[in-house]
Every structure is written in structure tokens, then in C-alpha cells.
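Each number in the working numbering corresponds to the 1-based position in the sequence shown with 1 added.
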Amino acid sequence: MRILKRIIRFFRPVYWPLVKVYFVFISPETQGVRIVLTYQGEILFVKNSYGLKYNFPGGGIGRYENPEQGIRREVKEELGIDLGNILYVDSIVPALEYEYRKNTISIFTAELPDKNVYINSLEVEDVQWFTLSSIPSMGHAAYQIFQIYKTKFIR
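Dropping the structure here:
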């Protein structure tokens, strides 16, 4: 699986500009989900094999899914976790210059019972827990999500 991830990372400079062109000309409206997973004050971030910065677990919603079903499926696919109680936080639509499409992202949060997570997907390259004082470099949408989370849950 590591070899396949290296291949994906190697070809990113080729396929990512093509994805952007597709989004610009087709202009699809998409729906996604992200979740802020916590454990005793630490926050879980993932680095996708197709991305350069850290993000929150999640992805696109399937055609016949609602946002809650979508985030439960994504977390199971990416991290092998069956989520218990989750809480809806908010929704955002990141600026087009960052997403290249209208992408409505539903944001959730959950406290995990332990820090035991593992990479369960070709999409995820790295998983790290961070404290509030050591938050990693993240993309624009992840930064928006983090700011909303901080405003609502961190005093």
C-alpha cells in the first residue's frame, strides 16, 4: 500500500491541475463532510495522499446519503472507526478560489474513547494528534472549520 501511495503522490502534479480544470469548466455543486475528532484536549488531523497540508477526516457525501451517514462512512473508511455519538457543528461553503467549485461542507465533532486510530485507506497518508498549541499547517477549508470549532467549543 505504501508503494501505491507514493505513486499517487508522484503523479499529483499531473492530475491535480486536471481536476482544477474540470471543476472550473463543469462547476459542479458538491456536498462534503468533515469531523473534528478529539481525545482529552487533542485534535486528530489527517494528511491525504493527494493533499499537501493537514485536514480533518471526511470527504464527499454519496448520492443517497445524508451528512451524518456520509461522515460515519468516511471515518470508517479512512480510520477504521465506528463513531458513537456525534454532534453537528455548522456548515461552510469555502471560497471558490480554494475549492474551484461550490462545495457545501457539513461539520461534525466527536470525542473518541481513546487515541487508537489507524490508516485504513489509500487516501490517507498520515494521522497525527495535535494539542491546541501545536496545530499543524492546514488548508483553507480546514482552517475555516478549525476557527468555527474553536469559537463554539474552546474557551
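Yeah, the Cβ is synthetic: ideal placement off N, Cα and C, and Gly gets one too. Because the structure is a prediction, the values reported are computed rather than measured.
From residue i to residue j, what does the alpha carbon distance come to, in whole angstroms?
{"i": "GLN129", "j": "PHE154", "result": "20 angstroms"}
{"i": "GLY71", "j": "GLN41", "result": "25 angstroms"}
{"i": "GLU30", "j": "ILE62", "result": "12 angstroms"}
{"i": "ARG92", "j": "ILE106", "result": "In the sequence under discussion, the amino acid at residue 92 is Ser, which differs from the Arg named in the question. Those two C-alpha atoms are separated by around 5 angstroms."}
{"i": "ASN86", "j": "PHE11", "result": "38 angstroms"}
{"i": "ALA142", "j": "GLY60", "result": "12 angstroms"}
{"i": "GLN145", "j": "GLN32", "result": "16 angstroms"}
{"i": "THR132", "j": "TYR65", "result": "36 angstroms"}
{"i": "ASN121", "j": "PRO137", "result": "22 angstroms"}
Give me the Cβ distance between residue i and residue j, rounded to the nearest whole Å; I'm assuming they're in contact under 8 angstroms.
{"i": "GLU112", "j": "ASN49", "result": "About 23 angstroms; that fails the 8 angstroms criterion."}
{"i": "VAL47", "j": "GLU79", "result": "7 angstroms"}
If we call anything under 7 angstroms between Cβ atoms a contact, is residue i one with residue j?
{"i": "LEU45", "j": "LEU38", "result": "yes"}
{"i": "PRO68", "j": "VAL34", "result": "yes"}
{"i": "TYR119", "j": "GLY81", "result": "yes"}
{"i": "PHE165", "j": "ILE36", "result": "Given a span of 2 to 156 for the chain in the structure shown, any question on residue 165 remains unanswerable."}
{"i": "VAL76", "j": "PRO58", "result": "yes"}
{"i": "ARG73", "j": "LEU84", "result": "yes"}
Return the first residue and the last residue of the alpha helix (DSSP H) that residue i is part of.
{"i": "GLN129", "result": "Where GLN129 is concerned, there is no enclosing alpha helix (DSSP H), although the beta strand (DSSP E) it sits in stretches over 125 to 131."}
{"i": "PHE154", "result": "141 to 154"}
Residue range of the beta strand (DSSP E) that residue i falls in?
{"i": "ARG35", "result": "30 to 40"}
{"i": "LEU84", "result": "Neither: LEU84 is in no beta strand (DSSP E) and is coded neither H nor E."}
{"i": "ILE44", "result": "43 to 49"}
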